[in-house]
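Comments concern the structure below.
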Amino acid sequence: MKQFSRMAGFADAMLHGGRIRQVGAICYRTGAIGLEVLLITTRDTGRWTIPKGWPIGGKASHRAAEQEAFEEAGAKGRVSRTIFGRYAYVKVLSTHMRVDAVVDVHLLEVRRMAPRFPERGQRKQAWLSPQEAALRVKEPSLKRLLLRLPGQSRLK
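Reminder that position 22 of the sequence shown reads as 23 in my numbering, one-by-one numbering, no gaps.
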């Protein structure tokens, strides 16, 4: 049933020229190099990104982003209710169809990393400075969000 609901959202977006909506989390901590951001790779193409996924019925956006951070990266911590920003990208569906997507991004201060989580072993992870993270991600609007973190400057 969940799959049909998701497909209905895709169909509506495609028929009306809209975008699908997702939720994501910029996971951060203070580490040896100062502020660090957690990036993960996608399962299909291996490109670097932040934990993100579909809205979850009955859950607020920030709680769905918090759940994605745990499921995809094992990150646990304090999530902000406020949307930090949004970024757009082209989502390639399992049917190979391409749809425009917008991700509502919340900040998640990581307090611990779980040793076991649903997608463990399916993705690479890297803790990076926001500048290095911005260089690794493909989406220009996600790069800008990473560089908007407190104390960050623009890409040179």
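Backbone N, C-alpha and C define an ideal beta-carbon position, used for all residues, glycine too.
Problem set entry | Residue closest to residue 104, alpha-carbon to alpha-carbon, out of 120, 114, 87 and 42 | In the sequence shown, counting from the first residue as 1, residue 104 sits at position 103. Answer by Cα proximity: 87.
For this session: Hey, could you find the ends of the beta strand (DSSP E) residue 109 is sitting in?
Result: For this step, residue 109 is matched to residue 108 along the sequence shown. Residue 109 -> beta strand (DSSP E) spans 99-114.
For this session: Give a single yes or no on whether residue 66 has its beta carbon closer than 7 Å to a heavy atom of the ligand NAP.
Result: Ligands in the displayed structure: none, and consequently the ligand NAP is not present.
Exercise. Which whole-angstrom value describes the C-beta separation of residue 56 and residue 28, a residue pair presumed to lie in contact below a C-beta threshold of 8 Å?
Worked result: One-based indexing of the sequence shown puts residue 56 at position 55. One-based indexing of the sequence shown puts residue 28 at position 27. In fact, because the Cβ distance is near 19 Å, the residues do not count as touching under 8 Å.
Exercise. Starting from residue 23 and walking both ways along the beta strand (DSSP E), at which residues does that stretch end?
Worked result: Numbered from 1 along the sequence shown, position 22 holds the residue referred to as residue 23. Counting along the chain, residue 23 sits inside the beta strand (DSSP E) bounded by residues 21-32.
Exercise. Count the other CB atoms within 10 Å of the CB of residue 34; is the residue buried (16 or more) or exposed (fewer)?
Worked result: The sequence position of residue 34 within the sequence shown is 33, counting from 1. Flag for residue 34 reads exposed.
Exercise. Comparing alpha-carbon positions, which option in 95, 90 and 94 lies nearest residue 144?
Worked result: Walking along the sequence shown from the start, residue 144 turns up at place 143. The shortest Cα separation from residue 144 among 95, 90 and 94 belongs to 90.
Exercise. Taking Cβ positions, are residue 25 and residue 111 nearer each other than 8 Å?
Worked result: Stepping through the sequence shown from its first residue, residue 25 is reached at position 24. Stepping through the sequence shown from its first residue, residue 111 is reached at position 110. Not a contact, by the Cβ cut-off of 8 Å.
For this session: Would you mind giving the Cβ-Cβ distance between residue 69 and residue 54, rounded to the nearest angstrom? I have them listed as a contact below 8 Å.
Result: For the purposes of this step, residue 69 is taken as the residue at position 68 of the sequence shown. For the purposes of this step, residue 54 is taken as the residue at position 53 of the sequence shown. At roughly 4 Å, the Cβ-Cβ gap stays under 8 Å, so residue 69 and residue 54 are in contact.
Exercise. Out of curiosity, what's the CA-to-CA distance linking residue 94 and residue 137?
Worked result: Taking the first residue of the sequence shown as 1, we reach residue 94 at position 93. Taking the first residue of the sequence shown as 1, we reach residue 137 at position 136. Distance between the alpha carbons of residue 94 and residue 137 is about 23 Å.
Exercise. Which of helix, strand or coil does DSSP assign to residue 65?
Worked result: Residue mapping note: residue 65 aligns to position 64 of the sequence shown, counting from 1. Three-state DSSP puts residue 65 in a helix.
For this session: Please report the residue range of the alpha helix (DSSP H) in which residue 146 lies.
Result: By one-based count along the sequence shown, residue 146 stands at place 145. 141-148 is the span of the alpha helix (DSSP H), which, as asked, contains residue 146.
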